[in-house]
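In what follows, a structure is listed as structure tokens, so that the remarks can point back to it.
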Amino acid sequence: MPEVIEDYLNKIFCGDALEILKRLPDEIVDVGVTSPPYNKGENKKGWLVPNIKYSGASDKLPEAEYQRRQIGVLNEIYRITKPGGSFFYNHKLRWERGKLLHPMDWLRKTKWIIKQEIIWDRMIAGNIRGWRFWQVDERIYWLYKPKGKNIIGEELKPKHALLTSIWRILPEKNNPHPAPFPLALPLRCIYSVMDGKKKGLVLDPYCGSGTTLVAAKILGYDFIGIDISPEYCGFAEERLKDYKKEIIDAEEEIRKHIVVKTFKERKLKGEFVGRYAPMNKIKEKMQDKPKNKRSEIRPTILKIFE
Ligand SMILES: C[S@@+](CC[C@H](N)C(=O)[O-])C[C@H]1O[C@@H](n2cnc3c(N)ncnc32)[C@H](O)[C@@H]1O
């Protein structure tokens, strides 16, 4: 491993995530995004598509061992993250012999503060069986490392806070990796917490095809990637050389971070109406046109979001 911090930057380390993380210095990372292997048992089959198989590692561990390793990895990431830093951890709900395995089962055992559970609505997913309603959601856990006694952290800028806790983003199609996430996903995570910061280091300890690293590079940040598969590491290196080709897709995501008026401005101008408005505003509206109260209030709500 390199001697000085600059020598770690903008590199992909090929090997086991836990082993490599252990060799990285304390408190160097500003934000991380990852999607680890989900331990889905690669030999199982859905009706329409087989389960994912990675080229460099098995995705089939005894569940207790898998969770123990994930806790180890997450705690190492905590150590190398700066106080005030964030980590976005993409996972999903799984079932083993009918019993729900929830990411919270092991996340609560790590050192991280769980700041938010975000639903990633993929709108489509493979492996379809009829035991339950079609599972098209995954989760993204926003994990936070407190700075001093502040366990809540900084507020998001208004333009990011208008995005909701449900992220409707289609899965990636044009990528030879068996389980990539779309560029918009790490881009949204990094851009939302790093906006305004000129320098910073982004980590993805299971970087696969390098999607997080491309997002970091487009936004002008340094990165460190780790993956156990030499094939995927090579692919990510090649992809990074051509990162400019992906700027158009990145811009599409960035355009979604917009707010015409902040919550504060609306409140000051008394533009809060509808169900979430102060009671006096709702009563005023209802007194104006009692018969048409629904049709009156609804267009006004829509106007706010225009
Ligand atoms: C869900 S994929 C990540 C895909 C990535 N987000 C992308 O957009 O391409 C999980 C990755 O973890 C890697 N992996 C599996 N076991 C690993 C380990 N022990 N250490 C590091 N990487 C590992 C696999 O090779 C795979 O690329």
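Using my numbering, read the sequence shown as starting at 12 and increasing by one per residue. Yeah, the Cβ is synthetic: ideal placement off N, Cα and C, and Gly gets one too. None of the values given here were measured: they were computed from a predicted structure.
Inter-residue spacing [alpha-carbon to alpha-carbon] between Arg34 and Ile23: On the sequence shown, position 23 is the one that residue 34 refers to. On the sequence shown, position 12 is the one that residue 23 refers to. Roughly 14 angstroms between the two C-alpha positions.
Test item: CB-CB of Glu257 and Leu181 under 8 angstroms: Within the sequence shown, residue 257 is the residue found at index 246, counting from 1. Within the sequence shown, residue 181 is the residue found at index 170, counting from 1. Contact: no.
Span separating the alpha-carbon of Arg140 from that of Ser240: The sequence position of residue 140 within the sequence shown is 129, counting from 1. The sequence position of residue 240 within the sequence shown is 229, counting from 1. Looking at the two C-alpha atoms, the distance is approximately 30 angstroms.
Any non-hydrogen atom of ligand 1 within 7 angstroms of Ile235 CB: Start at 1 with the first residue of the sequence shown, and residue 235 comes out as number 224. No, since every heavy atom of ligand 1 falls outside the 7 angstroms radius drawn around the Cβ of Ile235.
Spatial neighbours of Leu313 in its chain, beta-carbon cut-off 8 angstroms, leaving aside the 5 residues before and after: Counting from one through the sequence shown, the residue named residue 313 turns up at place 302. Its pLDDT being 39, under 50, Leu313 is placed unreliably by the model, and the measurement read from it follows with that caveat. Correct list: empty, nothing qualifies.
Val15 beta carbon less than 8 angstroms from that of Pro216: In the sequence shown, counting from the first residue as 1, residue 216 sits at position 205. In the sequence shown, counting from the first residue as 1, residue 15 sits at position 4. No, the Cβ-Cβ distance between Pro216 and Val15 is not below 8 angstroms.
Length of the line joining the Cα atoms of Lys1 and Gly164: Because the chain in this structure spans residues 12 to 317, residue 1 falls outside the shown range and cannot be described.
Any non-hydrogen atom of ligand 1 closer than 7 angstroms to His171 Cβ: Here residue 171 refers to the residue found at position 160 when the sequence shown is read from its first residue. No; taking the cut-off as 7 angstroms, the Cβ of His171 has no heavy atom of ligand 1 nearer than that.
DSSP beta-bridge partners of Thr92: The residue labelled residue 92 in the question sits at position 81 within the sequence shown. Under DSSP, Thr92 shares a beta bridge with Val40.
Pair within 8 angstroms by beta-carbon distance, Ile124 and Leu32: In the sequence shown, the residue the question calls residue 124 occupies position 113. In the sequence shown, the residue the question calls residue 32 occupies position 21. No. Outside cutoff.
Any residue whose CB is nearer than 5 angstroms to a heavy atom belonging to ligand 1, listed in chain order: Asp27, Ala28, Ser46, Pro48, Tyr65, Gly67, Ala68, His188, Ala190, Pro191, Phe192, Tyr217, Gly219, Ser220, Thr222, Asp238, Ile239, Ser240 and Tyr243
Contacts around Glu248, its chain only, beta-carbon distance under 8 angstroms, and the 5 residues preceding and following it disregarded: Here residue 248 corresponds to residue number 237 of the sequence shown, with the count starting at 1. Taken in chain order, the residues that qualify are Ile23 and Gly221.
Spatial neighbours of Cys25 in its chain, beta-carbon cut-off 6 angstroms, leaving aside the 5 residues before and after: Locating residue 25 in the sequence shown gives position 14, where the first residue counts as 1. Only Pro241 and Cys244 meet the Cβ criterion.
Residue nearest to Gly52 in terms of C-alpha spacing, selected from Pro73, Lys158, Gln127 and Lys228: The residue you call residue 52 lines up with position 41 of the sequence shown. Ranked by Cα distance from Gly52, the options Pro73, Lys158, Gln127 and Lys228 are led by Pro73.
Buried versus exposed, by CB contacts within 10 Å (16 or more), Arg108: Position 97 of the sequence shown, counting from 1, holds the residue named residue 108. Result: exposed.
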